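There are 2 protein chains.
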Amino acid sequence: MAKQGVLTPQHEDFPRWYQDILNKAELADNGPVRGTMVIRPYGYALWERMQAEVDQRIKAAGADNAYFPLFIPESYLNRESDHVEGFSPELAVVTQGGGRELAEPVVVRPTSETIINAYFAKWVQSHRDLPLLINQWANVVRWEMRPRIFLRTTEFLWQEGHTAHATRQEAKDYAAMILHEVYQDFMESVLAIPVLIGYKTEAERFPGAINSMCLEGMMRDGKALQMGTSHELGQSFATMFDITFLDAEGNQAHVWQTSWGVSSRMVGGLIMAHGDDQGMVVPPRLAPLQVVVIAVRDADGVVDACHRLAKELTAAGVRAKVDDRTGTGFGRRATDWELKGVPVRLEIGPRDLEQDQATMVSRTGDDKQTISLAETTKRVESLLDDIQERILASATAWRDSQIADAATVAEVREAAATGFARIPWAKLGPEGEAVLAEDAVTVRCLQRPDGSLPHSGEESDLIAVCGRSY
Amino acid sequence: MAKQGVLTPQHEDFPRWYQDILNKAELADNGPVRGTMVIRPYGYALWERMQAEVDQRIKAAGADNAYFPLFIPESYLNRESDHVEGFSPELAVVTQGGGRELAEPVVVRPTSETIINAYFAKWVQSHRDLPLLINQWANVVRWEMRPRIFLRTTEFLWQEGHTAHATRQEAKDYAAMILHEVYQDFMESVLAIPVLIGYKTEAERFPGAINSMCLEGMMRDGKALQMGTSHELGQSFATMFDITFLDAEGNQAHVWQTSWGVSSRMVGGLIMAHGDDQGMVVPPRLAPLQVVVIAVRDADGVVDACHRLAKELTAAGVRAKVDDRTGTGFGRRATDWELKGVPVRLEIGPRDLEQDQATMVSRTGDDKQTISLAETTKRVESLLDDIQERILASATAWRDSQIADAATVAEVREAAATGFARIPWAKLGPEGEAVLAEDAVTVRCLQRPDGSLPHSGEESDLIAVCGRSY
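Order-wise, the sequence lines are chains A and B. Each residue of the first sequence is one higher than the one before, counting from 1 in my numbering. Each residue of the second sequence is one higher than the one before, counting from 1001 in my numbering.
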């Protein structure tokens, strides 16, 4: 089937390939207000699946969902000086409400530390109220000068976790646990995106945090995407909002806090980590649609057979549906499903049906197989598992092939042109970091030589992973 | 157990009873910006369960979820004259973004007809693109002068469905189907709130609609709460946003549209439809927590036994958890769960355990029963079913007892002091409606004498159901 012309090839123009996918796979459009986006049903279905998987892990981590207001009094943001400095340039401000000028302008939340901590101060009294573990799914707004759908948008969807603990150690452990058990587990086992973990340098830290840990994925153009962050906030917000508790010994103390989030930018990451010149590649565990059963032609009970098969798959817990739009050419429909990255296509035509068989095609390989209808479910389930593993393996192999060890700033710059550079942080330092910034190369994270997460404050022998980023 | 003093009794001061429940059951707080609210974990868990049940029905109705921007250019709202007139007084307007004055002010969505239809115009070309069935879960903002948590808030959470169809009949049927199969079914079978259905008078119609259908619940103080609406929009937005399609005969035509929504105000409705002087009463099918297993004292394996029991219940699909906070008095904990309206309490103390039994208490009755641990799951499941039925039956009986037939405006006014009045619309008419409005009594809906939904435009023999409302 002719595939040329649907998408700009990646090697020709990666940003345009990305834009083509957004349009052709009907994922999202630009909104009318600069930097906003319209998430179309297929794009939103991907996000809904991400939400479901992340939410389940957050609940298992003991946090409860809640909802805080979109509107924050301007004065709240001013209370934490690093925080307000970090966010001021990006704020959207409401100055009129209900037909009048507001006495105090109201900020549309860029993140919710300030408003949530104002309530934590009310709710926390005693050590028995701790830990307080809250998560919220919400939209946030950060005015974006160089918007890019899913990756950098003025409004985006996310979850933000906010917790308060009795001790620094407990807060630190919780933030690291979220990083590993919620985010890394989700990204690697569901999104099939291998991530590098570490903490941010001071220059890249979240405004108001004492330690920002992160997960960095590599896209097919060699650039990094920050996929999620988990911060230790220390006692900065606790001090500003006066969140204190009576400890077991009867002393008043400030709480220790964390905040952590992942957002709809993961949809962009999914597209760019796995996509190819034919379109998206969606890992089966995430896929809103795992199997499409295509009726090749409307003849001799073909459509009925497709529905029977889809029903059987659905009953077995496979997310399947039928494409019986036989008025549209088969080739065009197959190309459409390929564009959308559906992991498995089952194609049934009159001749297949005569022989009680279907053609099974995987999105990730050339393995077109003829299978008997009787064993479809078993074969599909096993193929879905294979595809999941294959996608992660391929993303990992490619990512690793694009990482180079570097010994000088010049070598880092060279390696970052096509991927990531690893250099001892002791050699690079904040000075080298500043030099790299001139070429838009940043330290994505600091990690131990074996790739594991350093403790906050741990400084010796760290490796700086550098790259260009979204 | 002493119950006095926890809540203001309903008959003494209903609004204060409501406010007390919000605080004591830890459902929600006022936000810092006037009219906004903080939805606390238990309040949000109720909303999450509502979302899950409604979302499932919306998907079964064939609509796909999507997401449109929070920010709408002011000019979009101005395109539909009734619509802008209806919403102008309630708008929140962003005039600064990214540190600058915006060239065109941006409105925070009060509802999304305008922005969604601007995209429908792009997406709909041919009759093959129809029907287009979209739903969105989102926050919306309507500046509120007399805010009340969950019932009228400046920001609230909702779903809004938006559809486009080839014919008026199809749009009309779809809007009515949503009313019955999504909303009424959910409200009656899950929320256990009986609803009156009908269409709104012209005075109460949604700005821009040609027919607004609604579902009205009765609260424990005899006032009405509009629980949801489903509108036929006719071709007004289609004309303003130029949403046309090529029909099967090759002619260009405008689409016919619907929009429909339910919101977080349903949480307020849940509280006020079933609550009593001991607190909330949550129907089992909705309840985030159906059974709490209370360890009376921490002695002789009681806590372990509670966890075993909760595990067994959870495995059977019952939403159960253990209260093992034995450091807090049993009476206080029992009162707390009663306040939160948890349908069933299982209480286990050392003596119960010795005899392999538990005390099972239902939130809705005095039926305290001793049951054997071996048959707990079976007994609990059957009690949950009973409670669900009992709550609906009791709300229905009470609602019906507060409805009176009236023949004059004076009689309507009198009946509306304690409930709903039914009067032939032919007798009341827009003039009578205007007179009633002076006493804050409104026509909640027009329905057929048998309570069924009239067709839009159907006018003869209709009954006006009148009442005070939230």
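Every residue gets a Cβ at the ideal spot worked out from N, C-alpha and C, and that includes glycine. Small disclaimer: the values here were computed from a predicted structure and weren't measured.
For the region 1064-1096 of chain B, the residues whose beta carbon sits under 8 angstroms from a beta carbon of chain A are, in order, D1064, N1065, A1066, Y1067, F1068, P1069, L1070, F1071, I1072, P1073, Y1076, S1088, P1089, E1090, L1091, A1092, V1093, V1094, T1095 and Q1096. Rounded to the nearest whole angstrom, the CA to CA distance from V106 (chain A) to R1220 (chain B) is 36 angstroms. Selection B:H1274, B:A1421, B:R1297 and B:K1200 evaluated against H1231 (chain B) yields B:K1200 as nearest (Cα-Cα). If you draw a 10 Å sphere on the C-beta of H1274 (chain B), you find 16 or more other C-beta atoms in it, and that means buried.
Rounded to the nearest angstrom, the Cβ distance from A1052 (chain B) to I1039 (chain B) is 16 angstroms, too far for a contact under 8 angstroms. Contact note: T36 (chain A) reaches chain B through P1069, L1070 and F1071, using a C-beta cutoff of 8 angstroms and chain order. The beta carbon of Y1119 (chain B) sits closer than 7 angstroms to some beta carbon of chain A. Taking 9 angstroms as the upper bound on Cβ-Cβ separation, chain B lies near no residue of the region 459-470 of chain A. Residue-level contact by beta carbon holds for R1040 (chain B) and chain A, with a gap shorter than 7 angstroms. At a cut-off of 7 angstroms between C-beta atoms, W1337 (chain B) does not count as an interface residue with respect to chain A.
In the DSSP assignment, E74 (chain A) falls within the alpha helix (DSSP H) that extends over E74 to L77. Taking 7 angstroms as the threshold, the shortest C-beta distance from G1099 (chain B) to chain A falls below it.
Interface with chain B (7 angstroms Cβ-Cβ cutoff): E155 (chain A) is included. The beta-carbon of Y174 (chain A) is placed no less than 7 angstroms from the nearest beta-carbon of chain B. Residues are counted here when their Cβ sits less than 7 angstroms from a Cβ of chain B; for the region 3-32 of chain A these are D29, G31 and P32, given in chain order.
Taking R265 (chain A) as the centre and dropping the five residues before and after it, the same chain places the C-beta of F150 and L151 closer than 6 angstroms to its C-beta, in chain order. For the options B:E1249, B:G1269, B:D1064 and B:V1140, the alpha carbon positioned closest to that of W1158 (chain B) is the one of B:V1140.
Secondary-structure assignment with DSSP links T258 (chain A) through a beta bridge to A:T163 and A:E232. Taking every protein chain shown into account, the CB of G467 (chain A) has 16 or more other CB atoms within 10 angstroms, so this residue is buried. Around the beta-carbon of T1442 (chain B), 16 or more other beta-carbon atoms lie within 10 Å, marking it buried.
Sequence-distant partners of W1425 (chain B) (beyond 5 residues in either direction) whose C-beta falls short of 7 angstroms from its own C-beta, in its chain, are L1446, L1462, I1463 and A1464.
A straight-line Cα-Cα distance of about 8 angstroms links A1209 (chain B) and T1258 (chain B). Contact note: E48 (chain A) reaches chain B through N1065, using a C-beta cutoff of 8 angstroms and chain order. Closer than 8 angstroms at the C-beta level to chain B, one finds no residue of the region 276-298 of chain A. Counting every other CB atom within 10 Å of its CB across the protein chains shown gives D336 (chain A) a total of 16 or more, marking it as buried. Each residue's CA atom was taken as its position, placing A1248 (chain B) and H1127 (chain B) some 7 angstroms apart. Distance between P73 (chain A) and H1083 (chain B), taken at the CA atoms: about 29 angstroms. Contact of N139 (chain A) with chain B is assigned, a C-beta pair being separated by under 7 angstroms. The C-beta distance from V1292 (chain B) to V1380 (chain B) rounds to 11 angstroms, too long to fall under 8 angstroms, and the pair is not in contact. Here the C-alpha atom of Q184 (chain A) lies approximately 10 angstroms from the C-alpha atom of L191 (chain A). Think of a sphere of 8 angstroms around the beta carbon of M1240 (chain B): no beta carbon from chain A falls inside it, the nearest being about 15 angstroms out. Where T1376 (chain B) is concerned, the enclosing alpha helix (DSSP H) starts and stops at T1376 to S1401.
Here A374 (chain A) is exposed. Its C-beta has fewer than 16 other C-beta atoms within 10 Å. Within the same chain, G1222 and Q1402 come within 8 angstroms of T1418 (chain B) by CB-CB distance, once the 5 residues on both sides are set aside. Distance from the Cα of V1093 (chain B) is smallest, within the candidate group A:V108, A:G86, A:S81 and A:I58, for A:V108.
The alpha-carbon of P454 (chain A) is positioned some 46 angstroms away from that of I1134 (chain B).
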